[in-house]
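First residue of the sequence shown? That's 8 in the numbering used here, and the numbers climb one at a time after it. Note that beta-carbon positions come from the ideal geometry of N, C-alpha and C, so glycine has one too.
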Amino acid sequence: MHPARTLKSATFDAHRDLERHPLVKKLGEAALDRFEYGLCLQGFERFHMGWELMISQHAMLRAPELPPPMAHAALIRADLDQLKPTLNRAAPVPLAFDWCATPGDIAGVLYVVEGSNLGNAVLAKRLKPLGYPLAFFTEAGRVAGTRWPRVQAWLNAELTQTQTLRRAVSSARNTFHLMMALFDRMAQPEQEIL
Numbered sequence: 008m009h010p011a012r013t014l015k016s017a018t019f020d021a022h023r024d025l026e027r028h029p030l031v032k033k034l035g036e037a038a039l040d041r042f043e044y045g046l047c048l049q050g051f052e053r054f055h056m057g058w059e060l061m062i063s064q065h066a067m068l069r070a071p072e073l074p075p076p077m078a079h080a081a082l083i084r085a086d087l088d089q090l091k092p093t094l095n096r097a098a099p100v101p102l103a104f105d106w107c108a109t110p111g112d113i114a115g116v117l118y119v120v121e122g123s124n125l126g127n128a129v130l131a132k133r134l135k136p137l138g139y140p141l142a143f144f145t146e147a148g149r150v151a152g153t154r155w156p157r158v159q160a161w162l163n164a165e166l167t168q169t170q171t172l173r174r175a176v177s178s179a180r181n182t183f184h185l186m187m188a189l190f191d192r193m194a195q196p197e198q199e200i201l
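And the structure:
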């Protein structure tokens, strides 16, 4: 089995659990109000700020075989700026991907980040009727179809060693769990997202 397929099957349950999270479900069904949408964006902003910091620190993520990194955090910030009357904005703190010490760990996060762009294309269409700012979902979704095959090919070439693939699977699962923890926090309005 190709490493990218192994990652998909080995993280299926973690991905499914994230999709079943009440706030994620509302996002997917376009059934959330402006405040909830803003909370989701704040969580995504922290996630992508941490990811973009990782890209700057790890040359393997800038390999020519991979599509160029996207500035997701800037797109999210643009959307949040349009929601300012709805939200009290604090300076966001980038998430730390503490477990990322090896190429396999980094590849696991890459798998989740780039795979999520495919879902962003669907979300952009579903959320459009609500009239919310959608720069992040629209742009990430627009390029997903051309980026994903390159990412899969890179994963298949890089994750040929069993131990490296195991690390990638563990890291991808950790990434889904990190997102779950973020959405758990966002679902509790009394806790501010910092």
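Of the candidates E36, M8, W161, W161 places its Cα closest to the Cα of L117. In the DSSP annotation of this structure, the continuous segment of the alpha helix (DSSP H) that includes P110 starts and ends at 110 to 134. If you draw a straight line from the Cα of G138 to the Cα of R53, it comes to about 23 Å. Selection G50, F19, M77 evaluated against T145 yields M77 as nearest (Cα-Cα). Between the region 102 to 118 and the region 164 to 182 there are three or more inter-stretch CB-CB distances shorter than 8 Å, so the stretches are counted as touching.
A contact is defined here as three or more CB-CB pairs under 8 Å, and the region 63 to 73 fails this definition with respect to the region 15 to 26. Around the beta carbon of F42, fewer than 16 other beta carbons sit within 10 angstroms, so the residue counts as exposed.
If you compare the alpha carbons of S178, M186, R154, D191 with that of E72, the shortest gap goes to R154.
Residue state for A179 is assigned as helix, using DSSP reduced to three classes.
Cβ contact annotation for L185 (same chain, cutoff 8 Å, sequence separation greater than five): F54, L102, F104, in chain order.
Note on Q49: 16 or more other CB atoms within 10 angstroms of its CB, so buried under the neighbour-count rule.
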